[in-house]
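Inspection log for the structure reproduced underneath, given as structure tokens.
There are 2 protein chains.
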Amino acid sequence: MRETYILGVSMTRFGKFLDRTLQDLAYEPIWNAIRESNIDPHAIDIAFIGNAYAGLITGQESVRGQVILREAGISKIPMINVENACASGSTAFYLAHKAVASGQAELALAVGAEKLFCGDTGRSLKVLSTSSDQEIEGRMGILFAGIYAMRVRGHMEKYRITREQMAKVAVKNHDHGALNPHAQYRNRVTVEEVLSSRMIADPITLLMTCPLGDGGAALLIGTKEMAKRMGKRPVRVGSTVLGSFGFTRKDERSIAARVSNKAYEEAGMRPRDIQVAELHDAVAPVELFLYEELGFCGPGESGRMIDEGVTWLGGKLPVNTSGGLTSKGHPAGATGLAQVAEIVWQMRGEAGQRQINPAPSVGLVENGGGNVAGETAVVAVHILLA
Amino acid sequence: MRETYILGVSMTRFGKFLDRTLQDLAYEPIWNAIRESNIDPHAIDIAFIGNAYAGLITGQESVRGQVILREAGISKIPMINVENACASGSTAFYLAHKAVASGQAELALAVGAEKLFCGDTGRSLKVLSTSSDQEIEGRMGILFAGIYAMRVRGHMEKYRITREQMAKVAVKNHDHGALNPHAQYRNRVTVEEVLSSRMIADPITLLMTCPLGDGGAALLIGTKEMAKRMGKRPVRVGSTVLGSFGFTRKDERSIAARVSNKAYEEAGMRPRDIQVAELHDAVAPVELFLYEELGFCGPGESGRMIDEGVTWLGGKLPVNTSGGLTSKGHPAGATGLAQVAEIVWQMRGEAGQRQINPAPSVGLVENGGGNVAGETAVVAVHILLA
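In order, the protein sequences belong to chains A and B. The number in my numbering is simply the position in the first sequence, starting from 1, with 343 added. The number in my numbering is simply the position in the second sequence, starting from 1, with 343 added.
Below, the structure is given as structure tokens:
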């Protein structure tokens, strides 16, 4: 396995775009990523396209990636549509890295795009619920907010995490998102506003949840030589690990703990080496569990971590400097690649008003997706090194 | 890149099974493939799951593979849902091969499953049509039979292929399918019956088209050492190539010609080395073009090839000994893996009443999928060696 590097990265602003097609949302970041890499598009050997719901929202199923890439003038190469619910973009990233690392390709394109907003929120929520097991959660009629709420309640009981601490995650991520021109929501909120916003599934309030939205993100993965020619600080894929549900009595670690352990091991890093992270805060309280599961703190210490400002911009380990899913938005297929884009920008010193100083050199992305038999179906963790 | 071998292979009978779930259709071949390989399921490192339409037929989108594998008792490993219309199974095969060839995995599972029959043919056809570009073919309102019919008309004009010759392909594949216990249709038909059956899209008649149906197929890909331990004739993946649409004036070869050329080259084989082939006869006349595009004969010689019985069981190059899509059936996600299964069985001498004697040692699979901008969106070609 050889080293792989992230070349051009790009994303659209996330938001509600009834006037933009899936192709259009993918075209913009594909061409910006290609242009930034300064590489002839014909040099792309293989493409992986992450999208979770287009078949159910736009009616374009099956060959979504081909339709997207035709629009971008790319043809003939292997095009692989991947789908792993909200981790579809990370799955494209994982495969693009593996293709280059193994020498199957010199230059791989990973694209993620999603249209979730269709003007009918009920329909969008129904479509999202297809990412849970239809024979278990589907029969019970539980939507994702309900699934998350039960987990959060369990965690509150066990570790005495308070509603204020959960609200602070939303406040932090909105603070960060306010500085990000790509974010769907750029307004700041207060703890009081978060707690008094509409209750969605106790203890999760409206301002703790990510919005429905559309967007696209793309990046190119290539060799060390290509990265050198770009003339920017090279960002290397230290590791990328994809794992699935599988909670058993023999192995009580959560999927995020299992997957991140493997990612640390493969990258030769420890949790305390991480200087910046983008985590899957589909609802804000989950970010707290992730601090613990990823080893950023011990069990039950995440509440203190947010209280002490560790994960705020300016803290020791800024988390979700992009605004996270809560504020930047969460167009499923695009999310994983947008998370990687944020880390790359931070490492290159291109994060504008939300830039960490000095630019970090070890970053982590965690992206989750779907639900099967009461557990998150997929978790991807990437460690990036500059 | 190291050599990879096909270990256990299995498929369900194809047919219309309102009483079987997607999970059930996948479970049967997964467990049979594992049992045949005589390998502990915990040794599986990675799984690729091909399915094209479950989100639109059963409502289980996104984490289809996870739901399938949970049912089979498989968890924790990377699970990657792939979708490439009717070539979804071949895409899973391609990635499973690459994972083992590159040393990322020792043992990879490729699964394909589909439920297309829902008791409402109109709905199934609408779902199938999502595999064409919704902004081109979708707006025109053309279904796949119409797209194929236009291609066949063009070919008839150019090469004087007759309706009788097209009908003979359907007769041959039904003759073969009659010998295959896995086939959806096991009845023989005559040229007269094919030509007088209902006209679907001139010149394609009902008996020239593949049926709607459900099914599953699975196989394991592993190392040479594992293949040796199986105690069966080892079948090696000589090459697997995935290509996309992209007809340009500079390159007037069809996608099947381009992709197969690369597959021959990678396997170090020529068209005349092929001893058995499974081709994507979604409508029977397409098999004739494929003889030409894959180099089995020269341009315009395919009509004579079927007339002379070359591709019949007992001929020099039997094609679609399984019955092909026309007779065996075509549950999209399963098709590509079922095609590989047929070649493996022929090579091992396990093809029962349809066994080629002596067992072939060089075989080819061609699997197509979707339609984009007037062209087949995806073609996969694998060359297998025993």
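We put the CB at the ideal spot given by N, CA and C, even for glycine. This structure is a prediction, so every number in the text was calculated from the model and none was measured.
Below-8 Å beta-carbon distance, residue i vs any chain A residue
{"i": "M483 (chain B)", "result": "no"}
{"i": "T434 (chain B)", "result": "yes"}
{"i": "V626 (chain B)", "result": "no"}
{"i": "A428 (chain B)", "result": "yes"}
{"i": "G713 (chain B)", "result": "yes"}
{"i": "K441 (chain B)", "result": "yes"}
{"i": "A386 (chain B)", "result": "no"}
{"i": "S597 (chain B)", "result": "no"}
Proximity below 8 Å, CB of residue i to CB of residue j
{"i": "Q527 (chain A)", "j": "G559 (chain A)", "result": "no"}
{"i": "K671 (chain A)", "j": "G520 (chain A)", "result": "yes"}
{"i": "C553 (chain A)", "j": "T669 (chain A)", "result": "yes"}
{"i": "V619 (chain B)", "j": "A729 (chain B)", "result": "no"}
{"i": "M573 (chain B)", "j": "L350 (chain B)", "result": "yes"}
{"i": "T699 (chain B)", "j": "L637 (chain B)", "result": "This sequence places Ile at residue 699 (chain B); Thr is not what is there. No, they are not a contact pair."}
{"i": "P546 (chain A)", "j": "A606 (chain A)", "result": "no"}
{"i": "N663 (chain B)", "j": "L622 (chain B)", "result": "yes"}
{"i": "A720 (chain B)", "j": "V406 (chain A)", "result": "yes"}
{"i": "V410 (chain A)", "j": "Q477 (chain A)", "result": "no"}
{"i": "A442 (chain A)", "j": "I373 (chain A)", "result": "no"}
{"i": "M483 (chain A)", "j": "A513 (chain A)", "result": "no"}
Beta carbon proximity, residue i to chain B, threshold 8 Å
{"i": "D476 (chain A)", "result": "yes"}
{"i": "R413 (chain A)", "result": "yes"}
{"i": "D399 (chain A)", "result": "Per the sequence shown, the amino acid found at residue 399 (chain A) is Leu instead of Asp. With 8 Å as the cut-off, L399 (chain A) counts as an interface residue toward chain B."}
{"i": "F588 (chain A)", "result": "yes"}
{"i": "S540 (chain A)", "result": "no"}
{"i": "S445 (chain A)", "result": "yes"}
{"i": "A681 (chain A)", "result": "no"}
{"i": "A451 (chain A)", "result": "no"}
Chain-ordered neighbours of residue i on chain A, where CB pairs are closer than 8 Å
{"i": "I377 (chain B)", "result": "In chain order: nothing, as chain A lies at least about 17 Å away."}
{"i": "T473 (chain B)", "result": "G398, G402, Q403, E404, S405"}
{"i": "V425 (chain B)", "result": "I423, N424, V425, E426"}
Where residue i sits in the DSSP three-state scheme
{"i": "D557 (chain A)", "result": "strand"}
{"i": "R579 (chain A)", "result": "strand"}
{"i": "M612 (chain A)", "result": "coil"}
{"i": "M542 (chain A)", "result": "strand"}
{"i": "F360 (chain A)", "result": "coil"}
{"i": "E651 (chain A)", "result": "coil"}
{"i": "N530 (chain B)", "result": "coil"}
{"i": "G574 (chain B)", "result": "coil"}
{"i": "T719 (chain A)", "result": "strand"}
{"i": "L452 (chain A)", "result": "strand"}
{"i": "M344 (chain B)", "result": "coil"}
{"i": "L727 (chain A)", "result": "strand"}
{"i": "S665 (chain B)", "result": "coil"}
{"i": "V619 (chain A)", "result": "strand"}
{"i": "I490 (chain B)", "result": "helix"}
{"i": "L563 (chain A)", "result": "strand"}
{"i": "I479 (chain A)", "result": "coil"}
Member of the options whose CA lies at the smallest distance from the CA of residue i
{"i": "R576 (chain B)", "options": "B:V683, B:F632, B:L549, B:W688", "result": "B:W688"}
{"i": "L438 (chain B)", "options": "B:D616, B:L563, B:P674", "result": "B:L563"}
{"i": "T401 (chain B)", "options": "A:R601, A:K567, A:K419, A:S475", "result": "A:S475"}
{"i": "P384 (chain A)", "options": "A:A442, A:G565, A:F590, A:L633", "result": "A:G565"}
{"i": "V722 (chain B)", "options": "B:R482, B:G589, B:H525, B:R494", "result": "B:G589"}
{"i": "L399 (chain B)", "options": "B:R613, B:A428, B:K567, B:A453", "result": "B:A428"}
{"i": "R541 (chain B)", "options": "B:A444, B:A510, B:I382", "result": "B:A510"}
{"i": "M289 (chain A)", "options": "A:T533, A:A694, A:S704", "result": "Residue numbering for chain A in the displayed model covers 344 to 729; residue 289 (chain A) lies beyond these limits and cannot be assessed."}
{"i": "I392 (chain A)", "options": "A:I617, A:G713, A:A599, A:A561", "result": "A:A561"}
{"i": "T678 (chain A)", "options": "A:P421, A:I387, A:E457", "result": "A:E457"}
{"i": "I686 (chain A)", "options": "A:L549, A:E709, A:S645, A:D624", "result": "A:E709"}
{"i": "S380 (chain B)", "options": "B:G712, B:K359, B:S353, B:I598", "result": "B:S353"}
{"i": "A599 (chain B)", "options": "B:E635, B:G676, B:K567, B:I617", "result": "B:E635"}
Chain B residues whose Cβ lies nearer than 7 Å to that of residue i
{"i": "S585 (chain A)", "result": "According to the sequence as given, residue 585 (chain A) is Leu; it is not Ser. The answer, in chain order, is P421."}
{"i": "V454 (chain A)", "result": "Ordered by position in chain B, no residue passes the 7 Å Cβ test against V454 (chain A), which lies about 14 Å from the chain."}
{"i": "A720 (chain A)", "result": "V406, Q409"}
Contacts that residue i makes with chain A (C-beta to C-beta distance below 7 Å)
{"i": "S418 (chain B)", "result": "S587, F588, G589"}
{"i": "A716 (chain B)", "result": "R413"}
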